[in-house]
Amino acid sequence: MHRSFGSFIRWSVAAIGVFWMLSIPVQAGPTPEEYVEYVGKGAKIVPPGQLKLGDYRMSCGRRPTVIDNSLDDYGAAYPGFLILNMKLMNKIPKPVRMWIYSHECAHQFRGPNEEVADCFAVQRGRRRRWLSLTGLEQVCKFISPATGDSMHFSGSERCEQMRKCFRTKKVF
Ligand SMILES: [Zn+2]
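The letter at position 170 of the sequence shown is residue 435 when you use our numbering, and the numbering goes up by one with no holes.
Set out below in structure tokens:
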């Protein structure tokens, strides 16, 4: 169900499916260049700070983004870079796209914990004013079909947590 580079981790937003390519150690993963070469035509690297979702510039520290429209999910991340399927991303509301990007970005800095990644994304959106309560409900609607597993809580539980995060002052 996924392209495999061997032993490494890939984080996913788990909207359509749950893809926790869990293999330890985490250290060894593909570089963005290796990934693009593996995927083949169509995939490309967007340098750090140059990604635009709609008219909003997104950044994730010095992490580049690989646009891969054949990815089996909206977004994913390997340690060191993010991956987006823009064909899918363009079909969903803007705040949801930005939330996905930020969720994947959160894994870069906060590790594999899904709840933390969700909360990080929500608080970043609130702080940078691209996420309103209405946007948050769009995110909730988006992830609601996801069923829980050991890594991703079910959509409704995740939303409950995110609503709390949106309200709380504590910053992740
Ligand atoms: Zn995640």
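Where is the CB? At the ideal position from N, CA and C, for every residue including glycine.
Which class does residue i belong to by DSSP, given the choice of helix, strand or coil?
i: L287; result: Bear in mind that a pLDDT of 36 at L287, under 50, signals an unreliable position, so the model cannot answer this.
i: I310; result: strand
i: L398; result: helix
i: P295; result: coil
i: K434; result: coil
In the DSSP output, which residue or residues are listed as bridge partners for residue i?
i: L348; result: Here the sequence assigns Ile to residue 348, which means Leu is not the residue at that position. Answer is V331 and A341, bridged to I348.
i: L316; result: M323
So, for residue i: in the same chain, excluding its five sequence neighbours on each side, which residues have a beta-carbon less than 6 angstroms away from its beta-carbon?
i: M427; result: D383 and V387
Go through its chain and collect everything with a Cβ distance to residue i's Cβ below 7 angstroms, but skip five positions before and after it.
i: N334; result: G307, N350, M351 and K352
i: V301; result: A308, K309, I310 and V331
Would you tell me roughly how many angstroms separate the C-alpha atoms of residue i and residue j, rounded to the nearest one?
i: P312; j: E379; result: 25 angstroms
i: F431; j: G400; result: 11 angstroms
i: S397; j: T296; result: 35 angstroms
i: E298; j: F407; result: 31 angstroms
i: Y303; j: M354; result: 22 angstroms
i: P377; j: V404; result: 20 angstroms
i: Q373; j: R394; result: 22 angstroms
i: G319; j: K359; result: 7 angstroms
Could you tell me which uninterrupted alpha helix (DSSP H) segments, each at least 4 residues in length, are contained entirely in the stretch 356-396, listed from first to last along the chain? 359-375 and 379-392
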